[in-house]
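Undergrad: The following block contains the structure, expressed as structure tokens.
Number of protein chains: 4
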Amino acid sequence: AESTQERSVGRKFASYTLFKGKAALQAYPILPKFCTTSSGYSRMEKNGVVMLVFWPAIGTRKYDWEKKQYFALSPTEVGSLVSLGPSDSCEFFHDPSMKSSAEGQIKKSLTFAPANGQSGYYANLSVMNNLTKTNERLSVAITKAEFAVLRTACSYALPHIMGWDQVIGQEKQTQPKPGVDRPHPEFEWSR
Amino acid sequence: AESTQERSVGRKFASYTLFKGKAALQAYPILPKFCTTSSGYSRMEKNGVVMLVFWPAIGTRKYDWEKKQYFALSPTEVGSLVSLGPSDSCEFFHDPSMKSSAEGQIKKSLTFAPANGQSGYYANLSVMNNLTKTNERLSVAITKAEFAVLRTACSYALPHIMGWDQVIGQEKQTQPKPGVDRPHPEFEWSR
Amino acid sequence: AESTQERSVGRKFASYTLFKGKAALQAYPILPKFCTTSSGYSRMEKNGVVMLVFWPAIGTRKYDWEKKQYFALSPTEVGSLVSLGPSDSCEFFHDPSMKSSAEGQIKKSLTFAPANGQSGYYANLSVMNNLTKTNERLSVAITKAEFAVLRTACSYALPHIMGWDQVIGQEKQTQPKPGVDRPHPEFEWSR
Amino acid sequence: AESTQERSVGRKFASYTLFKGKAALQAYPILPKFCTTSSGYSRMEKNGVVMLVFWPAIGTRKYDWEKKQYFALSPTEVGSLVSLGPSDSCEFFHDPSMKSSAEGQIKKSLTFAPANGQSGYYANLSVMNNLTKTNERLSVAITKAEFAVLRTACSYALPHIMGWDQVIGQEKQTQPKPGVDRPHPEFEWSR
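Residue numbers (our numbering), protein chains in the order written: chain Y, 162 to 352; chain G, 162 to 352; chain W, 162 to 352; chain L, 162 to 352.
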């Protein structure tokens, strides 16, 4: 769903993609949604995410894009990822049908676990479907350098998926009334 | 006051909000104010802040927004927050009526103290009112991942609440006089 | 090739350049390339790089720019560089003719190795040419402060050479439908 | 000189200012200068700096702005500052008349030295004037939180005083030729 709505005409798409032995992993940011409130200002209605997409290998350098699985990291989950120490692990649980009648039918879990010798991490995605009685597992090894890319890019994306860049980037206003011309402690302290 | 003036028509609002057992905590940046000086240039008159808002829980998933308390973090207080080690704590004192006749009537103190096992922090706000003889206390547990979000978002916001982005973002000028075409040590060293 | 296409009319060029005893080193970012897909959206076709240029000293404060050697760091190689610990080293191998008939004729290797006492690094570039039977070696000592500049500038450049800034910087949209006016846990949790 | 040229009509000014017992310290970024080359592109001719201004206290909350001393930190000096460990110190030497006939008449030295208990730093500026046989010394204590502000703001400013933001911020181009529509390892590997 996210993919379709995002990749529409005129929009730009860029990702960080890792092709590994058993599966591929793609990461890219999705912006938050704002809406107009009754008071006339604009408010973030839905935060952005860092979208992770996993899809399986089906041969040497061949991958099945039709079997892709999405996992959308919220700001707090991104915070967990970027603060992960070299021997830390973290786990996230998602239910894509939460608060609908289908709640609990599909359970997704994503784990980042340290690889041997702190040389990187394994990202393990499990998708349990109670209707089809299937459990898909996708695992991607992430090197230390690749994780540094994810950490840096996710730290960069975090204020943007939180909408803080749109608060900060709005039109700056300068008051016409004249202010003091040189630094003065009373002035600085009264800020 | 900050809330009203900021959420005016056409402006954008986005925050990071945590709903916990006893209280909720919201954080968002507020831009600095610039004014024109007698010399004709524009100067920051009032620095921006990272605004924290606390308000109490009054039942399961129910919170009383009318009892909200503001605490505006200055750039240096933001610096204290983003450099907090896992076992460090910090405390800030504010008097909302400083330098007015009501000085000392209300005393606000905000503490960030490490939770057990360095698993995060407690943010404790105390608001003492000498007129009404009340002391409101609001406490919010912040997980390690949530604090990583606050740290990353506050580090991002810091140069913006200091106004440095507006100094840096102003119109870039390119001199028409031709310069050298290739790197040369004399040139580089004379920069 | 990269140099020519980048330094065309109306474009801007800035680099970080170090002139040392045996060689000089220049670093600058190159943006990714986007193209329009059949579906109408724009997709990153070629990621950007942090370009490193080495050229030899031929006397006191004299350097031979004609003998310059390029080494383009991919996002993952930049990730490796910015996560380098004070006693870590890393090595990258490039073949400028990869997947052409000339594959394997030229082999480039770049190493970052810690200097004595963790006071910085040596950047060592080796270019082996099997046709001309030559092996050029260029070495530049990088102080701790200079490496901090490279680390900070490369961390800044990373999301840009990955194209994430263009995904994030595209036109922000605000829905006209009115949203809630104050924070509410159901609202926040359903994000 | 820097102050006059920067604070001209229509320009914006913002700084981080510390008023302490013996002196005050102000920090703000100054953008690099670009010029047009004979080849038609624009090239950074002079890098930007983080300007530090020191001026002495002459009483309680009174400071003498006329006695201000400038110290302009180059990108590498900023790199040194932002990578300073809690028990590290660094020292910079400047000659404002370097490469002129007055070279050596004025010697400026700036030291950042750790305060007791790693609670912050002292910034000590010394300006020796051989003509007037004077040696002015200005010292400002910087708390851990204040240094975190300087570190964060200087890390933010660094790519901008290096001109990398202007390289990265120039008009992005999208090729009209259609590209592939889904991730493919051959495509990704050939980047």
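Built from N, CA and C at the ideal position, the CB exists for glycine as well.
Listing by chain order, which chain B residues have their CB less than 7 Å from the CB of A175/W?
TA: The structure shown contains no chain B; its protein chains are Y, G, W and L.
Undergrad: For a minimum of 4 consecutive residues, which ranges assigned as the alpha helix (DSSP H) are wholly contained in the segment 193-257 of chain G?
TA: Within the segment 193-257 of chain G, the complete alpha helix (DSSP H) runs of at least 4 residues are 236-243.
Undergrad: Going by CA-CA distance only, name the one from A184/W, E307/W and F308/W that's closest to K228/W.
TA: Ranking A184/W, E307/W and F308/W by Cα distance to K228/W puts A184/W first.
Undergrad: I'd like the list of long-range same chain contacts for Y189/G, defined as Cβ closer than 6 Å, with 5 residues on each side in sequence excluded.
TA: Around Y189/G: S176 and M212.
Undergrad: Can you name the residues of chain G whose CB is closer than 9 Å to the CB of T221/L?
TA: In chain order: nothing, as chain G lies at least about 16 Å away.
Undergrad: Pull out every residue of the segment 295-308 of chain L whose Cβ sits closer than 7 Å to any Cβ of chain G, in chain order.
TA: So the close ones are K305, A306 and E307.
Undergrad: Tell me which residue opens and which closes the alpha helix (DSSP H) that Q327/G is part of.
TA: Counting along the chain, the alpha helix (DSSP H) containing Q327/G begins and ends at W325 to I329.
Undergrad: Buried or exposed for I322/G, going by 16 or more other Cβ atoms inside 10 Å?
TA: It is buried - the Cβ of I322/G has at least 16 other Cβ atoms within 10 Å.
Undergrad: So does the segment 239-248 of chain W actually touch the segment 301-317 of chain Y, counting three or more Cβ pairs closer than 8 Å?
TA: The segment 239-248 of chain W, when compared against the segment 301-317 of chain Y, does touch it at the 8 Å Cβ threshold.
Undergrad: Taking just the CA atoms, how far does L234/Y sit from T265/Y?
TA: The sequence as given places Gly at residue 265/Y; Thr does not occur at that position. Roughly 19 Å between the two C-alpha positions.
Undergrad: According to DSSP, simplified to helix, strand and coil, what is Q187/Y?
TA: Q187/Y: strand per DSSP, three-state reduction.
Undergrad: Taking Cβ positions only, does Q187/Y come closer than 8 Å to chain L?
TA: Closer than 8 Å: yes.
Undergrad: Mind the definition here: the segment 283-297 of chain G touches the segment 251-267 of chain G only if three or more C-beta pairs lie below 8 Å; say whether that holds.
TA: Counting Cβ pairs under 8 Å, three or more are found: they touch.
Undergrad: Among the candidates G171/Y, Q187/Y and R172/Y, whose CA atom is the shortest distance from the CA of A302/Y?
TA: Of the listed residues, the one whose Cα sits closest to A302/Y is Q187/Y.
Undergrad: So, is the C-beta of I191/G closer than 8 Å to a C-beta in chain L?
TA: No, I191/G lies away from the interface with chain L (no Cβ there is under 8 Å from its Cβ).
Undergrad: Can the beta-carbon of F174/Y be found closer than 8 Å to that of R172/W?
TA: No, these two residues do not count as a Cβ contact at 8 Å.
Undergrad: Buried or exposed: which applies to P247/L, given that a residue is buried once 16 or more other Cβ atoms fall within 10 Å of its Cβ?
TA: It counts as exposed.
Undergrad: Using a Cβ-Cβ cut-off of 8 Å (strictly less than) and excluding sequence neighbours within five positions of S244/G, which residues of its own chain qualify?
TA: Answer for S244/G: no residue qualifies.
Undergrad: Does the beta carbon of T178/W sit closer than 8 Å to a beta carbon anywhere in chain G?
TA: Yes, contact with chain G.
Undergrad: Can you tell which of A318/L, C196/L, P257/L and T335/L has its C-alpha closest to the C-alpha of G209/L?
TA: The candidate whose alpha carbon is nearest that of G209/L is A318/L.
Undergrad: If I follow the unbroken beta strand (DSSP E) through E297/L, where does it start and stop?
TA: Residues T295 to T304.
Undergrad: Is the separation between the beta-carbon of T272/W and that of E252/W shorter than 8 Å?
TA: In this structure, E252/W lies closer than 8 Å to T272/W by Cβ.
Undergrad: So, at 8 Å on beta carbons, what are the nonlocal neighbours of S300/W in its own chain, with the 5 sequence-adjacent residues on each side left out?
TA: The residues are K183, A184, Y283, A284, N285 and L286.
Undergrad: Could you tell me whether the Cβ of H321/Y comes closer than 8 Å to any Cβ of chain W?
TA: H321/Y counts as touching chain W.
Undergrad: Suppose the cutoff is 6 Å on Cβ atoms and the five residues either side in sequence are ignored; what does the same chain contact list for G194/Y look like?
TA: In the sequence as displayed, the identity of residue 194/Y is Lys instead of Gly. Excluding positions up to five away in sequence, the list reads E206 and K207.
Undergrad: Residues in its own chain within less than 6 Å of Y224/W by CB, not counting five upstream and five downstream?
TA: Contacts found: A185, W216 and A218.
Undergrad: Step through the CB atoms of chain G and report whether any lies within less than 8 Å of the CB of S270/L.
TA: It does not; no Cβ of chain G falls within 8 Å.
Undergrad: Report the three-state DSSP secondary structure of N291/G (helix, strand or coil).
TA: Coil.
Undergrad: Taking S203/L as the query, report the chain G residues whose CB atoms sit under 7 Å from its CB, ordered along the chain.
TA: Within chain G, the residues near S203/L are T335.
Undergrad: Is it true that the CB of P344/W sits closer than 8 Å to the CB of T178/G?
TA: Contact flag set, yes.
Undergrad: Could you check the C-alpha separation between N277/G and H255/Y for me, to the nearest Å?
TA: Whole-angstrom Cα-Cα distance: 27 Å.
Undergrad: Run down chain Y in chain order and give the residues with a C-beta less than 9 Å from the C-beta of G171/G.
TA: Per Cβ cutoff of 9 Å: G201, Y202, S203, Q331 and E332.
Undergrad: Counting only C-beta atoms, is T313/G closer than 8 Å to chain Y at any point?
TA: With 8 Å as the cut-off, T313/G counts as an interface residue toward chain Y.
Undergrad: With C-beta atoms as the reference, is Q327/L less than 8 Å away from K333/G?
TA: Going by C-beta atoms, Q327/L is nearer than 8 Å to K333/G.
Undergrad: May I ask you to list the residues that DSSP assigns as paired with I322/Y?
TA: Answer is none; I322/Y lacks a bridge partner.
Undergrad: Let me make sure I understand the geometry here. Which of P275/L, W325/L and W226/L has the alpha-carbon closest to that of F180/L?
TA: Measuring from the Cα of F180/L, the nearest candidate turns out to be W226/L.
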